């Protein structure tokens, strides 16, 4: 985003509140497992059992991460019988991930090497405990909202 496009954004009535909301959003997304769930849901609905299988994590762990994403308003659950199918609720989330990928491309490995939050600072050498390989890139799937609201895989117009 250029400075010119930032000038087009009106000043916030309460910058502290807006920053607090942004911090809460990014904190909700600041876990590798939650990012993997969001990436998976970018391709369509999934049940807890599907996500536990894909992530290799216990059901209770996946359910806890789903609850966080749901409480943040980023995913929705659609009950069907005794199962719940989860989907992305906010198509703009995919734009956020695309923008993050662009920033990461520009900054090179600076983020990964950050001594506080970089992957080198927080990762166990064997990748254990993450449920996701440390070498696996987090890719953004392109998705579109359906008439019902949740986001499903497809192409944007």
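In the working numbering, the protein residues as written are 167 to 323.
The beta-carbon is built from N, C-alpha and C at its ideal position, and this holds for glycine as well.
Note that the coordinates shown come from a computational prediction; the quantities given were computed from them, not determined experimentally.
Spatial distance of residue i from residue j (CA atoms)
i, j, result
"residue 197", "residue 191", "12 angstroms"
"residue 256", "residue 206", "14 angstroms"
"residue 298", "residue 261", "Note that residue 298 scores 44 on pLDDT, short of 50, meaning its location in the model is unreliable and no value can be drawn from it."
"residue 223", "residue 230", "11 angstroms"
"residue 268", "residue 237", "27 angstroms"
"residue 208", "residue 227", "20 angstroms"
"residue 202", "residue 280", "21 angstroms"
"residue 274", "residue 182", "30 angstroms"
"residue 199", "residue 232", "10 angstroms"
"residue 290", "residue 266", "Any reading at residue 290 must be qualified, since the residue scores a pLDDT of 49, below 50, and its modelled position is unreliable; no value is offered."
CB contact flag (residue i, residue j, <8 angstroms)
i, j, result
"residue 221", "residue 240", "no"
"residue 189", "residue 235", "no"
Whole-number beta carbon distance between residue j and residue i, since they are thought to touch under 8 angstroms
i, j, result
"residue 276", "residue 285", "Not a contact, Cβ separation roughly 12 angstroms."
Same chain only: Cβ atoms within 8 angstroms of residue i, ignoring 5 sequence neighbours per side
i, result
"residue 225", "214, 215, 218"
(Q) Under 8 angstroms: do the segment 207-216 and the segment 245-256 share three or more Cβ pairs, one atom per stretch? (A) They touch, by the three-pair rule.
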